[in-house]
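These notes are about the structure you will find just below.
The following block contains the structure:
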């Protein structure tokens, strides 16, 4: 049975092309990726991300338990702040990437496709007294992303939007509806993610659209995150990859004390065999997931994510390659639709938002 | 406007005399998402019915396009080079792909009603 978010009716009204994603019927696009991704970069776009998994950890010892399960150091996470981090297996393979919230309670936002896996992973390891709760159906999640996102939230009554620090969490009222907001997102742009009661979500949606916010689908979300060099679980990483192979070593705090995967990660840090690189397609080349990457006739790896960026005007992708096999500026061949295309290895991210837009 | 016929691979064809205009359907463009590049044949190229006519590359994927009818390419929609989004915006109008001078008998194609039923089935 395919699942629908509290905003499903709004997607139909807005003329969305719906697709199945991780068991949910979600908008692929409303108008076009070109328009939607441009709105995120120049003004504001609104994404329904209610399919993302929301898990809460309650009880005595919840903080310590979570600290033992993620790679980041939660002891350094102040109240009302969120942190991007990973959960790893004992062998260092990545279980999921997630955002930990230290709000009124400890909670995490995880990938939709991993919700059940993560829930079981945490629940099986939770000590007596710590409860893991799946709150996905109890709250809707909207991502308001773009340089005008905070100003629009202020206009609708969420006055602290602009003063929230990056990854900060705040409670307030938006368009008359109580919300919890975080200055987070998956687009490389300034913005907020809004946690709201399911029955209040449509009203919030309507009020934001009335202010001219562009509804955006999963296709634009994928383009924006790739432009920003943000990894996607299931494409750029999985349980067979460790953080050091995908450029996420910065999320691992080996000095924080014991946590699941630490012993293996201590070893893996020394000699990662692969690395994730950025590829810029030359001419009409669009790197496509799964395409072989060759350098001077030798296969060095494969594309993990790829699409066309209207904002940049060329094809972009990430590829997992043998460590040291290519350097920034190197010319590579990527297998393309019935031909071979040229690409250049570039530094990630492809897009960095202008400094002025930073909080 | 001549009547349109459709294929199971989501191309459309409209016959005006012996010239067939070919494009991809509205369903196909919506499914593909934003079209980015088109790979179309040169005028003069001879094609058999069902042969690969070219390819459409969208943000999502690259897909082959098959010619519903046999013939010789007489015109290619040059506007699409600078404005591929026309395929999304107006798939049955300005977003046409190529015109062929039809050769031989027409194969069996789907009419509006049968193609509509096929789409409903695919979407169910």
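Residue numbers (this note's numbering), protein chains in the order written: chain A, 40 to 398; chain B, 800 to 923.
Every residue, glycine too, gets a C-beta built ideally from N, C-alpha and C.
If you're wondering where the values come from, they're calculated on a predicted model, not measured in any experiment.
Terminal residues of the continuous beta strand (DSSP E) containing residue i?
i, result
"residue 68 of chain A", "63-68"
"residue 819 of chain B", "818-823"
"residue 81 of chain A", "Run containing residue 81 of chain A: none in the beta strand (DSSP E); it sits in the alpha helix (DSSP H), 72-81."
"residue 127 of chain A", "120-127"
"residue 135 of chain A", "133-141"
"residue 838 of chain B", "834-838"
"residue 323 of chain A", "It is not in any beta strand (DSSP E) - residue 323 of chain A carries neither H nor E in the DSSP assignment."
"residue 331 of chain A", "331-334"
"residue 372 of chain A", "370-375"
"residue 304 of chain A", "Element bounds for residue 304 of chain A: not the beta strand (DSSP E) but the alpha helix (DSSP H), 301-307."
"residue 813 of chain B", "810-815"
"residue 182 of chain A", "179-184"
"residue 232 of chain A", "230-235"
"residue 889 of chain B", "Run containing residue 889 of chain B: none; DSSP gives neither H nor E here."
"residue 381 of chain A", "378-385"
Have a look at the options and flag the residue whose alpha-carbon is nearest the alpha-carbon of residue i.
i, options, result
"residue 93 of chain A", "A/149, A/116 and A/81", "A/149"
"residue 373 of chain A", "A/387, A/354, A/208 and A/386", "A/354"
"residue 117 of chain A", "A/209, A/79 and A/46", "A/209"
"residue 894 of chain B", "B/837, B/860 and B/818", "B/837"
"residue 340 of chain A", "A/321, A/367, A/371 and A/324", "A/371"
"residue 304 of chain A", "A/381, A/379, A/128 and A/96", "A/128"
"residue 119 of chain A", "A/267, A/80, A/212 and A/222", "A/222"
"residue 41 of chain A", "A/61, A/388 and A/48", "A/61"
"residue 124 of chain A", "A/130, A/111, A/115 and A/325", "A/111"
"residue 375 of chain A", "A/386, A/333, A/368 and A/108", "A/333"
"residue 821 of chain B", "B/831, B/892, B/835 and B/911", "B/892"
"residue 251 of chain A", "A/67, A/63 and A/78", "A/78"
"residue 860 of chain B", "A/364, A/369, A/383 and A/328", "A/328"
"residue 816 of chain B", "B/902, B/914 and B/831", "B/902"
"residue 845 of chain B", "B/873, B/862, B/831 and B/881", "B/873"
"residue 884 of chain B", "B/855, B/849 and B/921", "B/855"
"residue 187 of chain A", "A/307, A/201, A/177 and A/174", "A/201"
"residue 814 of chain B", "B/802, B/824, B/823 and B/834", "B/802"
"residue 122 of chain A", "A/130, A/156, A/191 and A/224", "A/224"
"residue 265 of chain A", "A/386, A/158 and A/323", "A/386"
"residue 261 of chain A", "B/832, B/905, B/842 and B/810", "B/832"
"residue 919 of chain B", "B/808, B/819 and B/826", "B/826"
Output the boundary residues of the alpha helix (DSSP H) element that contains residue i.
i, result
"residue 918 of chain B", "911-922"
"residue 33 of chain A", "Outside the shown range of chain A, which is 40 to 398, sits residue 33 of chain A, and nothing can be said about it."
"residue 262 of chain A", "257-266"
"residue 879 of chain B", "878-881"
"residue 249 of chain A", "240-249"
"residue 106 of chain A", "101-106"
"residue 900 of chain B", "Per DSSP, residue 900 of chain B belongs to no alpha helix (DSSP H); it is in the beta strand (DSSP E), 897-901."
"residue 863 of chain B", "Unbroken run through residue 863 of chain B is the beta strand (DSSP E), 861-865; no alpha helix (DSSP H)."
"residue 160 of chain A", "154-164"
My guess is that residue i and residue j are in contact by the Cβ rule of under 8 Å, so how many angstroms apart are they, rounded?
i, j, result
"residue 805 of chain B", "residue 909 of chain B", "4 Å"
"residue 179 of chain A", "residue 44 of chain A", "7 Å"
"residue 829 of chain B", "residue 56 of chain A", "5 Å"
"residue 298 of chain A", "residue 181 of chain A", "Not a contact, Cβ separation roughly 32 Å."
"residue 167 of chain A", "residue 196 of chain A", "Not a contact, Cβ separation roughly 43 Å."
"residue 91 of chain A", "residue 109 of chain A", "That belief does not hold up - the Cβ atoms of residue 91 of chain A and residue 109 of chain A are roughly 17 Å apart, past 8 Å."
"residue 330 of chain A", "residue 338 of chain A", "Actually they do not touch by this definition, with Cβ atoms about 11 Å apart."
"residue 897 of chain B", "residue 876 of chain B", "7 Å"
"residue 216 of chain A", "residue 193 of chain A", "Incorrect: roughly 15 Å between the Cβ atoms, too far for contact."
"residue 267 of chain A", "residue 84 of chain A", "Between residue 84 of chain A and residue 267 of chain A the Cβ distance is about 13 Å, and since that is not below 8 Å, they are no contact."
"residue 284 of chain A", "residue 311 of chain A", "5 Å"
"residue 810 of chain B", "residue 824 of chain B", "7 Å"
List, in chain order, every chain A residue whose beta-carbon is nearer than 7 Å to that of residue i.
i, result
"residue 832 of chain B", "67, 68, 72 and 258"
"residue 848 of chain B", "Ordered by position in chain A, no residue passes the 7 Å Cβ test against residue 848 of chain B, which lies about 20 Å from the chain."
Please list, in chain order, the chain B residues whose beta carbon lies closer than 9 Å to that of residue i.
i, result
"residue 376 of chain A", "838, 854, 856, 860, 861, 862 and 863"
"residue 323 of chain A", "835, 836, 838 and 856"
Identify the contact partners of residue i in chain A, using a Cβ-Cβ distance below 8 Å as the criterion.
i, result
"residue 887 of chain B", "71"
"residue 829 of chain B", "56"
"residue 884 of chain B", "71 and 73"
At 8 Å on the CB atoms, spell out the chain B contacts of residue i, in chain order.
i, result
"residue 225 of chain A", "Chain B residues near residue 225 of chain A: none, gap ~17 Å exceeds 8 Å."
"residue 140 of chain A", "Those do not exist, as residue 140 of chain A stays about 32 Å from chain B at its closest Cβ, beyond 8 Å."
"residue 262 of chain A", "858"
What residues of chain B sit near residue i, judged by a beta carbon separation below 7 Å?
i, result
"residue 346 of chain A", "858"
Indicate whether the contact test is met: 3 or more Cβ pairs, each with one atom in the stretch 65-77 of chain A and one in the stretch 331-350 of chain A, closer than 8 Å. They touch, by the three-pair rule.
Are the stretch 133-146 of chain A and the stretch 249-264 of chain A in contact at 8 Å, needing three or more beta carbon pairs? They do not touch, by the three-pair rule.
Pairing CB atoms from the stretch 880-894 of chain B with CB atoms from the stretch 865-872 of chain B, are three or more of them under 8 Å? No, because fewer than three Cβ pairs between the stretch 880-894 of chain B and the stretch 865-872 of chain B fall closer than 8 Å, the two stretches do not touch.
Can you confirm whether the stretch 137-147 of chain A touches the stretch 278-297 of chain A when touching is taken to mean that 3 or more C-beta pairs between the two stretches lie within less than 8 Å? Short answer: they don't touch.
Per the contact definition of three or more C-beta pairs closer than 8 Å, is the stretch 356-366 of chain A in contact with the stretch 316-329 of chain A? Touching, per the Cβ criterion.
For the pair the stretch 102-116 of chain A and the stretch 263-280 of chain A, tell me if three or more CB-CB distances fall below 8 Å. Short answer: they don't touch.
Meets three-Cβ-pair contact criterion under 8 Å: the stretch 225-238 of chain A and the stretch 383-393 of chain A: The answer is yes - the stretch 383-393 of chain A touches the stretch 225-238 of chain A, with three or more Cβ pairs under 8 Å.
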